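Student: Quick one: the structure is below, questions incoming.
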Amino acid sequence: MRASEEQKQERDRLTWSAWGANLTLEQFCRRERVLRAHPWAVHGMNTWLWVDESGAVLSSCESFACTSVFRGLWARSYAIASVFTEEKLRGQGHASRMMDALVLEIRRHDPLAHAVVLYSDVGKALYERSGFLGLPAWDVELDPCEGDVMEGVDELLPELVPELPPPPAEEPFVIWPDRHQMDWHRARERFYGDVLGRARSLSCGARVGRSQIYWTADFKQEQLLVLLVTEPEWKALERLLVAARRMAHRLRLTRVLLWEDASLAPFLAGLSGARRRPRHGALPMILPLQEGLRPEEWRLRSRALWV
Ligand SMILES: CC(C)(COP(=O)(O)OP(=O)(O)OC[C@H]1O[C@@H](n2cnc3c(N)ncnc32)[C@H](O)[C@@H]1OP(=O)(O)O)[C@@H](O)C(=O)NCCC(=O)NCCS
Numbered sequence: 059m060r061a062s063e064e065q066k067q068e069r070d071r072l073t074w075s076a077w078g079a080n081l082t083l084e085q086f087c088r089r090e091r092v093l094r095a096h097p098w099a100v101h102g103m104n105t106w107l108w109v110d111e112s113g114a115v116l117s118s119c120e121s122f123a124c125t126s127v128f129r130g131l132w133a134r135s136y137a138i139a140s141v142f143t144e145e146k147l148r149g150q151g152h153a154s155r156m157m158d159a160l161v162l163e164i165r166r167h168d169p170l171a172h173a174v175v176l177y178s179d180v181g182k183a184l185y186e187r188s189g190f191l192g193l194p195a196w197d198v199e200l201d202p203c204e205g206d207v208m209e210g211v212d213e214l215l216p217e218l219v220p221e222l223p224p225p226p227a228e229e230p231f232v233i234w235p236d237r238h239q240m241d242w243h244r245a246r247e248r249f250y251g252d253v254l255g256r257a258r259s260l261s262c263g264a265r266v267g268r269s270q271i272y273w274t275a276d277f278k279q280e281q282l283l284v285l286l287v288t289e290p291e292w293k294a295l296e297r298l299l300v301a302a303r304r305m306a307h308r309l310r311l312t313r314v315l316l317w318e319d320a321s322l323a324p325f326l327a328g329l330s331g332a333r334r335r336p337r338h339g340a341l342p343m344i345l346p347l348q349e350g351l352r353p354e355e356w357r358l359r360s361r362a363l364w365v
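For reference, each letter of the sequence shown is one residue, going 59 to 365 in the working numbering.
Structure, rendered in structure tokens:
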């Protein structure tokens, strides 16, 4: 069942232990309220409760509606996040049954939906039981460097995320963020920046020629996250990543983190100073809902899609 506003706030108080690092309980609850009030969440986010016959909550999670295109047809895919069972209730199959029920509900409510995806922090086994398949996940890390962020790029993108270019037409299946989804990530930067009193990026990325990079500061992990690179080209990407490293340095962050995907892998292989590592946590998993959609066709898995 869908949670009421009061029930959402009750869950916030419980989930603080899992996701509230660096924040007091009050700050975490405020963060959750702020993020739920963001236009992207208001439009497509739901909090789900798995309850017993008496109405007691056994497990909870959130879903976010994302736009996706499969063989030229636009529809939605759903990203699941914040799967949570209280410690005393764990190991009894509550989370698994909730996932099964939610997938059924998504199928019923949105028969055109392309897929359900999630980013697992607890390995694959739990979600494999509900039919999800894990995909490879590699991170690329770069050190911050000194220098003028603007030098070498054609422009810095404004704080207010502009309309994004369309997804690459040659991909069979793409989940493609819109500007509101991108700004939802940046709302975290604004929140943590205010709470922790940190200087903010005040720019959502940079452009060189047709290639654009979108970023956000992650003050929780002290890193600059590359959310998305659109229309990557070799020379342009090199310059955009230098700008990202300089932005990380300006914000006193310890690294730039980029989620490698099929559009970036060929360029990143030869990039000097880039450290490539298998990802721990946030493992992308997918459950296709449309006939003919193969899990491995989800090739563009940028950090922008994480929820
Ligand atoms: C993960 C979580 C939601 C599972 O809830 P649950 O109701 O106990 O789940 P189920 O009983 O349906 O399934 C349990 C299975 O989940 C997997 N699992 C749970 N926690 C795990 C962990 N920390 N690491 C790896 N696998 C884990 C195991 O496969 C486990 O099976 P087992 O009991 O046979 O070992 C719960 O442990 C939790 O709330 N953890 C803290 C928040 C969190 O990490 N959420 C997941 C975000 S992706």
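Where is the CB? At the ideal position from N, CA and C, for every residue including glycine.
Quantities reported herein were computed from a predicted structural model and do not represent experimental measurements.
For THR82, count neighbouring Cβ atoms within 10 angstroms of its own Cβ and tell me buried if that reaches 16, exposed if not.
Tutor: Here residue 82 is taken as the residue at index 24 of the sequence shown, counted from 1. Burial call: exposed.
Student: Whole angstroms are fine: how far does the CA of ILE138 sit from the CA of GLY78?
Tutor: The residue you call residue 78 lines up with position 20 of the sequence shown. The residue you call residue 138 lines up with position 80 of the sequence shown. Answer to the nearest angstrom: the Cα atoms are 19 Å apart.
Student: Should THR312 and GLU280 be called a contact, given that it needs their Cβ atoms to be closer than 8 Å?
Tutor: For the purposes of this step, residue 312 is identified with residue 254 of the sequence shown, where counting begins at 1. For the purposes of this step, residue 280 is identified with residue 222 of the sequence shown, where counting begins at 1. Yes, they are a contact pair.
Student: Using 7 Å as the cut-off, classify the Cβ of PHE142 as near or not near the heavy atoms of ligand 1, replying yes or no.
Tutor: Position 84 of the sequence shown, counted from the start, is the residue given in the question as residue 142. Indeed, a heavy atom of ligand 1 lies less than 7 Å from the Cβ.
Student: By the three-class DSSP mapping on this structure, what secondary structure does ALA123 have?
Tutor: Along the sequence shown, read from residue 1 onward, the residue named residue 123 stands at position 65. Of the three classes helix, strand and coil, the one that applies to ALA123 here is strand, per DSSP.
Student: What alpha helix (DSSP H) runs, 4 residues minimum, are completely inside the region 284-341?
Tutor: The qualifying runs are 292-308, 323-326.
Student: Where ARG187 and ASP206 are concerned, what is the direct C-alpha to C-alpha distance, given to the nearest angstrom?
Tutor: One-based indexing of the sequence shown puts residue 187 at position 129. One-based indexing of the sequence shown puts residue 206 at position 148. The alpha-carbon atoms of ARG187 and ASP206 are separated by roughly 49 Å.
Student: Over what stretch of residues does the alpha helix (DSSP H) that includes VAL219 continue unbroken?
Tutor: Taking the sequence shown and counting its residues from 1, one reaches residue 219 at position 161. Careful: VAL219 lies outside any alpha helix (DSSP H) and carries neither H nor E.
Student: Thinking C-alpha only, which one of ALA76, ARG359, ARG91 is nearest GLN65?
Tutor: In the sequence shown, counting from the first residue as 1, residue 65 sits at position 7. The option with the nearest alpha carbon to GLN65 is ARG91.
Student: Quick check on GLN65: does DSSP put it in helix, strand or coil?
Tutor: Taking the sequence shown and counting its residues from 1, the one referred to as residue 65 is at position 7. In this structure, GLN65 counts as helix in the three-state DSSP scheme.
Student: Terminal residues of the continuous beta strand (DSSP E) containing MET103?
Tutor: Reading the sequence shown from its first residue, position 45 is the one you call residue 103. First-last of the beta strand (DSSP E) with MET103: 103-109.
Student: Should VAL180 be listed as close to ligand 1, given that the test is whether its C-beta is under 7 Å from any heavy atom?
Tutor: Stepping through the sequence shown from its first residue, residue 180 is reached at position 122. Yes - ligand 1 has a heavy atom lying nearer than 7 Å to the Cβ of VAL180.
Student: Quick check: the region 297-305 against the region 158-174, are there 3 or more CB pairs under 8 Å?
Tutor: Touching, no.
Student: Run through the DSSP bridge pairs and tell me what SER178 is partnered with.
Tutor: By one-based count along the sequence shown, residue 178 stands at place 120. SER178 is bridged to LEU341.
Student: Go through the region 208-268 residue by residue and report every complete run of the beta strand (DSSP E) that reaches 3 residues or more, in order.
Tutor: For the region 208-268, whole beta strand (DSSP E) runs of length 3 or above, ordered along the chain, are 213-215, 231-233, 263-266.
Student: Using the beta-carbon count (16 or more within 10 Å), is SER75 buried or exposed?
Tutor: Locating residue 75 in the sequence shown gives position 17, counting from the first residue. The residue is exposed, with fewer than 16 neighbouring Cβ atoms inside 10 Å.
Student: Would you grab the beta carbon distance between ALA332 and LEU298 for me? Rounded to a whole angstrom, and I think it's under 8 Å.
Tutor: Residue mapping note: residue 332 aligns to position 274 of the sequence shown, counting from 1. Residue mapping note: residue 298 aligns to position 240 of the sequence shown, counting from 1. ALA332 to LEU298, Cβ: 13 Å. No contact.
Student: Consider the C-beta atom of SER121 and the heavy atoms of ligand 1; say whether any pair is separated by less than 7 Å.
Tutor: As a position in the sequence shown, residue 121 is number 63, starting the count at 1. No, ligand 1 has no heavy atom inside 7 Å of this Cβ.
Student: In chain order, what residues of the same chain have a beta carbon less than 8 Å from the beta carbon of ALA99, not counting five sequence neighbours either side?
Tutor: Looking up residue 99 in the sequence shown gives position 41. Counting only Cβ-Cβ distances below 8 Å, and skipping sequence neighbours, we find LEU93, PHE122, TRP242.
Student: Quick check on VAL92: does DSSP put it in helix, strand or coil?
Tutor: Counting from one through the sequence shown, the residue named residue 92 turns up at place 34. Of the three classes helix, strand and coil, the one that applies to VAL92 here is helix, per DSSP.
Student: Between which residues of its own chain and PRO216 is the CB-CB distance below 8 Å, once the five residues before and five after are set aside?
Tutor: On the sequence shown, position 158 is the one that residue 216 refers to. So the qualifying residues of the chain are SER261, CYS262.
Student: Ends of the beta strand (DSSP E) at SER140?
Tutor: The residue given as residue 140 occupies position 82 in the sequence shown. It spans 131-142 - the beta strand (DSSP E) in which SER140 sits, taken as one unbroken run.
Student: Who are the Cβ neighbours of PRO223 in its own chain at under 6 Å, not counting the five residues just before and after it?
Tutor: To locate residue 223, count along the sequence shown from 1; it is residue 165. Within the same chain, PRO223 has close Cβ partners THR288.
Student: Could you give the C-beta distance for ARG71 and TRP106, rounded to a whole number, given that I count them as a contact under 8 Å?
Tutor: Looking up residue 71 in the sequence shown gives position 13. Looking up residue 106 in the sequence shown gives position 48. About 17 Å separates the two Cβ atoms, so there is no contact after all.
Student: Return the residue from the list ILE344, PHE128, GLU111, VAL365 that minimises the CA-CA distance to ALA227.
Tutor: Walking along the sequence shown from the start, residue 227 turns up at place 169. Nearest of ILE344, PHE128, GLU111, VAL365 to ALA227, Cα basis: PHE128.
Student: Should ARG148 be listed as close to ligand 1, given that the test is whether its C-beta is under 7 Å from any heavy atom?
Tutor: Taking the first residue of the sequence shown as position 1, residue 148 is located at position 90. Yes, ligand 1 has a heavy atom inside 7 Å of this Cβ.
Student: Expressed to the nearest angstrom, what Euclidean distance is found between the alpha-carbon atoms of GLU318 and PRO194?
Tutor: As a working mapping, residue 318 is identified with position 260 in the sequence shown. As a working mapping, residue 194 is identified with position 136 in the sequence shown. Each residue's Cα considered, the two are about 10 Å apart.
Student: What residue does the beta strand (DSSP E) around ASP158 start on, and which one ends it?
Tutor: In the sequence shown, residue 158 corresponds to position 100, counting from 1. Looking at the DSSP string, ASP158 is not in any beta strand (DSSP E); the run it does join, the alpha helix (DSSP H), is 152-167.
Student: Would you report the Cα separation of LEU316 and GLU111, rounded to the nearest angstrom?
Tutor: In the sequence shown, residue 316 corresponds to position 258, counting from 1. In the sequence shown, residue 111 corresponds to position 53, counting from 1. Approximately 45 Å, taken between the alpha carbons.
Student: Can HIS152 be considered in contact with ligand 1, in the sense that its beta carbon sits closer than 7 Å to one or more heavy atoms?
Tutor: On the sequence shown, position 94 is the one that residue 152 refers to. Yes; taking the cut-off as 7 Å, the Cβ of HIS152 has a heavy atom of ligand 1 nearer than that.
Student: Quick one: what's got a C-beta closer than 8 Å to GLU204's C-beta in the same chain, skipping five residues either side?
Tutor: One-based indexing of the sequence shown puts residue 204 at position 146. Taken in chain order, the residues that qualify are ARG304, HIS307.
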